Amino acid sequence: MGLLTRNRRLIRKSGLFDEKYYLLRYPDVRFADVDPLQHYLTIGWKEGRSPSAQFNVDSYLQTNPDVKSSGINPLVHYVFHNKEDGRPTSADTQTKKLKATPTRLLTWHNFRHALKIIQTYGLKTFIVKAKNKLRAQRNTNTLDIDKPIRIKSIVPLSSFDFLGDKAFPVVPKSVSVIIPVKNAGDEFGLLLKNFVTQKGFKRVEIVIVDSGSTDRTLQTARDFGATIVEISPESFTHSYARNLGGEAATGDYLFFTVQDSLPPGQTFLYDLYSTLIENQVTAVSCAETPREDADLFYKQICWNHYNFLGVNIGDRIMQLPEKVDHMSLRQNGQLADIANFIPKETFEIYKFRLNYAEDLDLGIRLIKDGHKLAFLGSTRIIHSHNRPSWYFLKRGYVDNRFLTGVFPDFEIPRIVVSDFVPDISFCYAFLGSFLTKLNTLTSDPVPNKFDAVLKELMDTLPKSEYPGEVPVLGENYLDLTSQKFIEGLIKAEGLHKAGRMYDGFLIYAFSGYLNITSNYLKNTFETIDETLLLDIKNCICKSFAIVVGAHLAYCYQNRDGKESLDMDSLNKTLMEGV
Amino acid sequence: MKILYLVHQFFPQFQAGTEKFIFNTASMTQQAGNIVKVVTYDCEADGDFTSDVFGVRSKQFSYQGLPVLAFQYKNEPPDLHYTMDKALGIQFAKLILEREAPDLIHVGHLMRVYPIVLAALEMGIPYVLTLTDFHLLCPKILLMPTSDTLCTGPEGGEACAKFCSELPSFFIKQRLALSTKILQNAKQVVAPTKFVAEVFQREIPGIKVIVNNHGVKQSDLRPNNKIYGDEDEITFGFIGNQTVHKGPHLLVKAFSELNHPRSRLLIYGTGRPEFVAKLHQLVGDCNIEFRGSFKAETLPDVLREIDVFVNPALCYETYSFVNHEALSSEIPVICSKLGGMFEKVVEGKNGFTFPAGDGEALKQMLSSVVESPSQLNAMKRFIRLETLIPTVEQEAYRYDQIYKSVFR
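Here it is as structure tokens:
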């Protein structure tokens with residue numbers, strides 16, 4: 173007879189499982205439409221659920237720690253072993269007269285345990301332990317409430333001098349922390365508290381530039397004595413807000429950051445300052461470390477970006493490279509808005525320009541003028557966002573619009589929208605198949621399987637045709653705005669290649685981007701479980717969105733006015749809100 | 219880098235503070251791009267094991283994205299919870315370390331799983347040790363010789379001989395010697411509070427202990443923005459096991475003696491039936507609600523109802539997550555001046571402390587709050603502006619730096 177069957181019979185016979193009570197008390201079981209006793213036997217008892225009003229699992233486990241550590245279903249334990257001992261079963265019976273302690277201690281289990289203790293440590297140990305146990309029971313029963321706690325010590329603890337309270341050095345300099353804000357949310361106070369308590373400077377000033385907050389942001393800033401610069405929402409640009417903040421700041425050094433960052437410790441600003449002084453660089457930035465709730469996509473793009481910058485394994489001093497092109501400038505002129513430490517006098521000469529990638533622009537201008545910058549991977553600021561696919565579709569678009577606009581050597585692929593949208597249509601169908609195929613990952617849960625699933629699908633490409641109707645994604649990991657946008661594009665311009673063999677390129681760009689996911693998975697995980705699989709699927713959809721957005725930017729750059737799609741309207745939609 | 223996290227018990231079977239700390243730190247380390255695995259002890263009788271070697275059963279599973287290896291000795295010794303017998307499970311431990319080949323081990327608790335560290339010592343695998351309680355110094359774990367006394371450490375075994383005479387001196391000496399070896403060979407020893415660091419540094423001269431407070435999951439908490447007038451009703455809250463050493467009886471008695479019409483006490487948690495019965499007897503006609511246990515994810519809702527959090531523990535709390543979660547939610551705290559739990563409480567500024575076990579002093583503090591609730595406004599402001607409670611990210615960041623320092 174199986175264990176479950178035996179337990180089921182025992183419990184049924186005991187009359188201590190009350191189906192009606194169980195279903196009424198636990199509506200999730202009621203809604204799940206499962207056998208309540210089966211639920212209790214397999215899951216319920218482990219979750220501390222009570223089988224009836226007569227038996228409280230939590231109380232029984234607290235009373236009988238041996239049962240808790242044995243991992244046996246407490247009701248089964250009670251029925252099988254101890255009912256005759258009179259162990260209390262219910263919170264309701266807790267108010268009744270208590271059973272005599274000695275009776276409850278005289279069990280077969282305790283007898284065997286006692287024998288083993290005597291064998292290992294001797295009779296004296298056993299006797300004193302038993303006496304203490306009885307005394308503890310007596311104390312519990314009498315509850316000597318106002319009895320002070322006696323602390324026994326040979327040497328008083330207070331005579332010990334703790335080593336960790338040495339004073340931190342203070343430099344005679346001040347720092348202004350500049351934060352553009354708008355509705356900064358509940359955690360803004362935590363951010364300000366962590367900045368005003370930074371160690372190592374004679375003064376830390378907070379300057380916020382608010383562009384129309386309607387929540388408690390301004391009040392919180394006032395509470396912390398911040399200097400407040402207010403601008404209208406319409407006048408906000410990333411550069412304008414930061415420049416105003418920098419001008420209002422009175423510190424010797426400026427630290428630019430964002431409203432949802434968090435310093436990792438109280439010496440964070442001092443670490444950046446020390447780097448600046450000791451390495452004689454003009455400005456210092458650092459990498460970000462994601463928040464605990466960051467999704468896989470954000471983690472992988474951080475990891476990939478810092479691999480690109482070469483700071484995942486250490487810190488870098490950057491200067492103008494010998495070979496100047498858009499890649500080398502981005503690798504060597506990087507400053508980051510999330511953490512940018514710069515002397516006030518340097519800022520006043522350069523300031524920020526542009527409304528996008530103003531941090532990279534500042535870094536490149538500095539290195540072109542012969543300055544050195546530091547980018548730290550060993551010191552990081554806490555920061556991340558969990559944003560929907562739609563944000564990343566736009567982000568991919570804006571990034572490439574910027575790159576093509578700012579770097580003259582950036583080669584724009586010859587993509588036209590009439591060819592590209594059918595390609596999106598094909599890839600959209602591919603995405604649906606890929607998401608479904610990924611369900612097989614958990615049966616052989618090693619990260620290499622991700623590559624195998626992708627390869628299997630990629631191998632079918634030579635025989636694949638463009639779809640004749642808007643593909644159905646099947647699994648909803650792409651947010652609705654992205655789905656609506658992509659499906660709208662496909663309906664308008666994406667079905668005219670229906671039935672022709674696939675000859676596009678987007679699928680290769682997409683699978684190339686998925687290499688980041690593959691590498692990150694192999695670097696970080698040994699197994700893939702259900703939780704990770706969900707994260708992977710979301711991550712793939714965001715990857716798809718960013719690749720589509722990036723290529724739409726090339727389509728816009730290559731427009732000739734003859735497109736059936738309204739390219740200016742498309743541009744406006746995708747440029748908004750990033 | 220591959221890091222093994224070693225802990226005496228883990229989710230989903232157990233969900234106390236140490237398990238929470240290991241889960242948070244391992245998850246954050248994993249997301250920083252490292253391979254991690256939790257190695258723990260399985261306390262279930264029908265553990266559904268898949269392997270059985272060298273007298274040890276084991277299985278692997280995943281908990282919220284974290285891989286876990288759980289093992290269990292086939293013949294559990296009677297002193298499983300405090301033994302540090304060198305022979306127990308050592309072959310299995312070596313096998314695991316050979317197979318997993320970690321670059322580093324982070325120890326969260328050594329009870330039951332210490333053979334892994336003994337094997338690491340032999341195999342030259344570095345480890346970092348976080349002192350989550352006093353298990354390494356005290357077989358009784360809590361530094362409580364009896365249920366109503368505390369001590370300040372073994373004093374090389376002298377205090378044990380004096381206060382815990384049931385423990386044979388040969389056993390204490392052997393155990394302390396092994397603990398000292400484990401502590402001295404750790405690449406870094408970390409404590410969640412100054413108090414814990416002090417106890418260990420005092421006992422084992424020469425070891426350096428870094429203090430890294432446990433972090434709270436800030437994203438799970440919401441600030442309590444209530445503003446109080448002097449006629450407002452005040453809800454006090456207690457969250458914890460209903461056991462003598464957590465002191466709920468002290469609070470219930472103080473509250474029932476106060477018996478103020480504008481006050482309420484919420485008690486969360488469960489306990490031994492005898493003890494719970496006694497607590498109920500103390501209630502009288504006071505406004506006290508016993509709310510039982512709650513699911514971890516509902517903590518913000520539980521805290522939202524509480525105006526002042528009370529922790530009357532009679533034992534050394536090495537940190538007390540819930541005190542710090544309350545402070546992070548801008549809730550003033552009244553707690554015993556004992557162990558590591560009051561280090562963030564500034565007297566009269568963000569809460570009050572009272573001598574452990576002094577019910578009269580606790581009653582006066584409760585009375586002071588209900589007579590003048592508006593003082594809580596200043597306290598909440600002080601918490602908002604000046605009380606720094608680290609987040610899990612900040613705690614993990616410090617550990618990341620510690621790990622890197624091992625290989626520098």
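Taken in sequence, the protein lines are chains W and F. Letter by letter, the first sequence follows residues 173 to 750 of my numbering. Letter by letter, the second sequence follows residues 219 to 626 of my numbering. C-beta atoms are modelled at their ideal positions from N, C-alpha and C, and glycine is treated no differently. Please read these numbers as outputs of a predicted model, since none were measured by experiment.
Are the C-beta atoms of residue i and some chain F residue less than 8 Å apart?
i: P462 (chain W); result: yes
i: L362 (chain W); result: yes
i: A466 (chain W); result: yes
i: F396 (chain W); result: yes
i: N611 (chain W); result: no
i: E659 (chain W); result: no
i: D387 (chain W); result: no
i: S411 (chain W); result: no
i: H285 (chain W); result: yes
i: W280 (chain W); result: no
i: Y293 (chain W); result: yes
i: D487 (chain W); result: no
Determine, for residue i, whether the minimum Cβ-Cβ distance to residues of chain W falls below 8 Å.
i: R393 (chain F); result: no
i: N242 (chain F); result: yes
i: V610 (chain F); result: yes
i: Q436 (chain F); result: yes
i: I253 (chain F); result: yes
i: A250 (chain F); result: yes
i: D297 (chain F); result: yes
i: Q282 (chain F); result: yes
i: M329 (chain F); result: no
i: E475 (chain F); result: no
i: S511 (chain F); result: yes
Report the three-state DSSP secondary structure of residue i (helix, strand or coil).
i: E377 (chain W); result: strand
i: A459 (chain W); result: strand
i: T297 (chain W); result: helix
i: T549 (chain W); result: This sequence places Gly at residue 549 (chain W); Thr is not what is there. Looking at G549 (chain W) - three-state DSSP - the assignment turns out to be strand.
i: F272 (chain F); result: coil
i: L270 (chain W); result: In this prediction, L270 (chain W) has a pLDDT of 28, which is less than 50 and means its spatial position is unreliable; what the coordinates show is noted afterwards. Three-state DSSP puts L270 (chain W) in coil, outside helix and strand.
i: M747 (chain W); result: helix
i: F486 (chain F); result: Reading the sequence as shown, one finds Tyr at residue 486 (chain F) and not Phe. Strand, per DSSP.
i: Q402 (chain F); result: helix
i: V430 (chain W); result: coil
i: T696 (chain W); result: helix
i: Y223 (chain F); result: strand
i: M246 (chain F); result: helix
For residue i, I'd like the list of residues in its chain whose CB is within less than 6 Å of its CB, leaving aside the five on either flank, ordered along the chain.
i: L548 (chain W); result: C458, D487
i: H555 (chain W); result: S433, E460, I510
i: F279 (chain F); result: V286
How about residue i: is its C-beta nearer than 8 Å to some C-beta of chain A?
i: R552 (chain W); result: Protein chains W and F are contained in the structure displayed, whereas chain A is not.
Can you name, in chain order, every residue of its own chain whose Cβ lies under 7 Å from the Cβ of residue i, other than the five neighbours on each side?
i: V368 (chain W); result: V376, I378, F396
i: R537 (chain W); result: Y522
My assumption, with CB atoms under 8 Å, is that residue i sits in contact with residue j. Please give the rounded CB distance.
i: Y345 (chain F); j: V325 (chain F); result: 6 Å
i: E647 (chain W); j: L706 (chain W); result: With 8 Å as the limit, E647 (chain W) and L706 (chain W) do not qualify as a contact, their Cβ atoms being about 10 Å apart.
i: S437 (chain F); j: R463 (chain W); result: 7 Å
i: E561 (chain F); j: T461 (chain F); result: Contact doesn't hold; Cβ gap of about 23 Å is too wide.
What do you get for residue i, buried or exposed, if any count of 16 or more other CB atoms within 10 angstroms of its CB means buried?
i: T516 (chain F); result: exposed
i: M341 (chain F); result: exposed
i: Q291 (chain W); result: exposed
i: N245 (chain W); result: buried
i: I452 (chain F); result: buried
i: P333 (chain F); result: buried
i: H432 (chain F); result: buried
i: E421 (chain F); result: buried
i: H353 (chain F); result: buried
Looking only at its own chain, which residues have a Cβ that is under 8 Å from the Cβ of residue i, when we skip the five neighbours before and after it?
i: N293 (chain F); result: G273
For the ligand MG, is there a heavy atom less than 7 Å away from the beta-carbon of residue i?
i: A234 (chain F); result: Among the components of this structure there are no ligands whatsoever, and the ligand MG is therefore not found.
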